[in-house]
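K.L.:
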Amino acid sequence: MNRLNVLLIDDEPERVQALKEALHSLGHYVVCQLPNTTHLNKRVEDTHPDIVIIDMDSPNRDTLESMSTMSKNNPRPIIFFAEQQNDRKTMCDAINAGVSAYIADGLQPERVKAIMDTAIAHFDAHSSLRAELEKAKTQLADRKVIEKAKGMLMKHQGCDEKQAFETLRKLAMDRGQKLPDVAQSVIDVLELTNGLRK
Amino acid sequence: MSELLTVEKNKLKLGFVALLDCAPLVVAREKGFFEKYNLNVVLCKEASWASIRDKVSFGLYDGAHMLAPMPLAATLGLNGNKTAMLTALSLSQNGTAITLSKEFHTLLSKTIDNWEDDKLVGEQFKKQVKSSSVKPVMATVYPYSNHYYQLRYWLEQHGIDAEHDVQLIAVPPTQMIPSLSNGAIDGYCVGEPWNSLALIQKIGGLLTTGHKIWGAHTEKVLGVTQEWAAAYPNTHQALVKALYEACQWVEDINNKEELYQLLALPPYLDQAATKLSDYTPPLAMEQHFAGATVNIPDPKQGIFILEQMKQCGQLSNQEADFSEISHSVYRHDLFQHWIS
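Respectively, the protein sequence lines represent chains A and B. Heads up, the first sequence is in the working numbering, so the first residue is 198 and it goes up one at a time. Heads up, the second sequence is in the working numbering, so the first residue is 204 and it goes up one at a time.
See below:
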């Protein structure tokens, strides 16, 4: 039987779900997925994972690395993925994707590799999705800031929309700043002066 | 003033963990010491030492705020891929301690009238541990750290078996205080601010300090890979000089208030940092960032750390020349050459 027990530690629900399904379809079993927990030590002892896949940004990475060195009585010591693999390319891909893994000592490297490749692909896909979402959000926020600054300038200077926009653009060029940043500082300044007048 | 170095690379990324001793990096950036040496540095906060090691090993970061044992462990290839690292600057000395839960500390206080008397403290701790039916759970963060070695050193020094008399576990730093207050652990050995914060919140009591256990010792260093140091010698020199000057600034008592304000900025620690500015713990932590022997990497310190690794069973199958390894990692020669 090729089925491996995978423990997934990640607090991004969508990524957990997608990766869990992908590993299931490879014939593996995801033991449990849990967000960061204070009882990690016990969970790992209880579930005996063959492989632990963990978000690179999780503080629990240090806890997992400690487990292999601190408890000599641990029946199945887990080791850092890099120790077994000697595979710089996969390690690099994993770090760039933001995923890291710990495996039961003695597990065949090629079995781990397939799981890692799947995890890397899912973490990559998730981060590009997130980057796009962030970009869209920022663009929307930027537009709102610029609109607000224009409105305040129009009121303050008694000018039209086109002139207000030109003023912002000139300020941005003079200062070598981005338009949304200039818009924000215009809002800050005008709000402050309005506040002082009152 | 010395002439400005021509740096090979002026945009750098340095990793750090949100602890009090990341102060030299924060100050070098916020007070313009990096700028003075024509360095444009981005500081990247990491949640684990494992990620610091990996991101420096694989070149995502140019260097990092590292635990003193880390460049040695990486060079030996312990727990991770083998990457030769070095340090040309120690960032801080001391600053660790062992804190016990309020209940445990109160219990021991019945028979300990002077917490400075380490012999008495050790005897009473041992007596309590041997007579108790449940093993106290003691936590540390990371296995290749002074904290872990100091905890084991102190226990063994007082005849307490780290394998059988207590249970050692690992817990992330941010979970230490909640775990101590909800009874999941009975004590921990960590770096500042996590001891002082437990004391200020009155959920823990101080057992002893790293300084009392070992005397003065290197706690954090600037770690880079040997490959990086060879490729960017001037950049490395500029980085060491900027951070060395920042260390002097941090140590200056007149800057204390401003220092805590800088550390409280969102990308670094958080508002908790400001609570520390006027707090004095009952046993002195002796945390220093500058002084005669503070900043020079000392190969003798490196050898001492390697001995601790061996003592804790981390070097079981390695026949290593401690002196040779330590001299290749703790580069006092570079420091002496650059800082006059």
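All C-beta atoms in this analysis are idealised placements derived from N, C-alpha and C, irrespective of residue type, glycine included. All values derive from a computational prediction rather than experimental measurement.
1) Would alanine 287 of chain B pass as a contact of leucine 425 of chain B if the rule is Cβ separation under 8 angstroms?
2) Please tell me whether glycine 418 of chain B and lysine 305 of chain B are closer than 8 angstroms, where the distance is taken between their beta carbons.
3) Compute the Euclidean distance between the alpha carbons of aspartate 364 of chain B and leucine 400 of chain B, then round it to the nearest angstrom.
4) Does the beta-carbon of arginine 327 of chain A have 16 or more other beta-carbons within 10 angstroms, so that it is buried, or is it exposed?
5) Can you name the start and end residues of the beta strand (DSSP E) that lysine 423 of chain B belongs to?
6) When DSSP labels each residue in this structure, what does aspartate 249 of chain A get in the three-state scheme?
7) Am I right that valine 369 of chain B and leucine 383 of chain B are in contact with their C-beta atoms under 8 angstroms? What's the rounded C-beta distance?
8) Rounding to the nearest angstrom, what Cα-Cα distance links proline 500 of chain B and glutamine 451 of chain B in this structure?
9) How many Å lie between aspartate 378 of chain A and cysteine 356 of chain A at the Cα?
10) Note down, in chain order, all residues in the stretch 250-274 of chain B with a beta-carbon under 7 angstroms from any beta-carbon belonging to chain A.
11) Under 7 angstroms from any heavy atom of the ligand GDP, does the C-beta of histidine 236 of chain A make it?
12) At what residues does the beta strand (DSSP E) containing asparagine 349 of chain B begin and finish?
13) Beta-carbon within less than 7 angstroms of tyrosine 482 of chain B's beta-carbon, same chain only, minus the 5 sequence neighbours each way: which residues are those?
14) Which runs of the alpha helix (DSSP H) spanning at least 4 residues fall entirely within the stretch 360-438 of chain B, listed in chain order?
15) Could you tell me how far apart the beta carbons of glycine 390 of chain B and threonine 302 of chain B are, in whole angstroms, since I believe they sit closer than 8 angstroms?
16) Hey, could you find the ends of the alpha helix (DSSP H) methionine 269 of chain B is sitting in?
17) Which residue wins for smallest C-alpha separation from valine 228 of chain A, given the options A/Leu201, A/His236, A/Ile312 and A/Cys289?
18) Given a limit of 9 angstroms on CB to CB distance, which residues of the stretch 309-330 of chain A reach chain B?
19) Alpha carbon to alpha carbon, what distance is there between leucine 242 of chain B and glutamate 363 of chain A?
20) Which residues bound the beta strand (DSSP E) around tyrosine 299 of chain A?
21) What are the start and end residues of the beta strand (DSSP E) that includes leucine 205 of chain A?
22) Could you tell me which residues DSSP pairs with glutamine 296 of chain B in its beta bridges?
23) For the beta strand (DSSP E) that asparagine 282 of chain B lies in, which residues bound it at each end?
24) Closer than 7 angstroms between beta carbons: that is the criterion. Which residues of the stretch 270-303 of chain B meet it against chain A?
25) Beta-carbon of cysteine 229 of chain A versus every beta-carbon of chain B: anything under 8 angstroms?
26) Which value, in whole angstroms, describes the spacing of the CA atoms of serine 312 of chain B and glutamine 214 of chain A?
27) Mind checking whether histidine 361 of chain B and phenylalanine 307 of chain B have CB atoms under 8 angstroms apart?
28) For the alpha helix (DSSP H) holding lysine 313 of chain B, just list the boundary residues, first then last.
29) Would you say tyrosine 471 of chain B and cysteine 247 of chain B are within 8 angstroms of each other, going by their C-beta atoms?
30) By the 7 angstroms beta-carbon criterion, what residues does the stretch 496-515 of chain B contribute toward chain A?
31) Near proline 485 of chain B, which residues of its chain fall below 6 angstroms by C-beta distance, leaving aside the five closest residues on each side in sequence?
32) Alpha carbon to alpha carbon, how far is lysine 352 of chain A from arginine 372 of chain A?
33) If we count the other Cβ atoms within 10 Å of its Cβ and call it buried at 16 or more, is alanine 277 of chain B buried or exposed?
34) Within this structure, are the beta carbons of valine 383 of chain A and leucine 350 of chain A separated by less than 8 angstroms?
35) Are phenylalanine 278 of chain A and glutamate 262 of chain A close, meaning C-beta to C-beta below 8 angstroms?
36) Have a look at isoleucine 250 of chain A and alanine 291 of chain A and give me their C-alpha separation to the nearest angstrom.
P.N.:
The structure says:
1) no
2) no
3) 29 angstroms
4) exposed
5) 421-428
6) First, the amino acid is wrong: residue 249 of chain A is valine here, not aspartate. Valine 249 of chain A falls in the strand class under three-state DSSP.
7) In fact, because the Cβ distance is near 15 angstroms, the residues do not count as touching under 8 angstroms.
8) 16 angstroms
9) 21 angstroms
10) Ala250, Ser251, Trp252, Ala253, Ser254, Asp257, Lys258, Phe261 and Leu263
11) Looking for the ligand GDP in the displayed structure turns up nothing, as the structure carries no ligands at all.
12) No beta strand (DSSP E) contains asparagine 349 of chain B, which is instead part of the alpha helix (DSSP H) from 349-360.
13) Ser399 and Ile403
14) 376-384, 397-403, 413-417 and 429-434
15) 6 angstroms
16) Segment 266-270 is the beta strand (DSSP E) holding methionine 269 of chain B; no alpha helix (DSSP H) there.
17) A/Leu201
18) none
19) 36 angstroms
20) 296-301
21) 202-206
22) B/Thr421 and B/His491
23) Taken as a continuous stretch (DSSP letters only), asparagine 282 of chain B belongs to no beta strand (DSSP E), as it is neither H nor E.
24) Asn282, Gly283 and Asn284
25) no
26) 51 angstroms
27) no
28) Careful: lysine 313 of chain B lies outside any alpha helix (DSSP H) and carries neither H nor E.
29) no
30) none
31) Leu409
32) 23 angstroms
33) buried
34) yes
35) no
36) 11 angstroms
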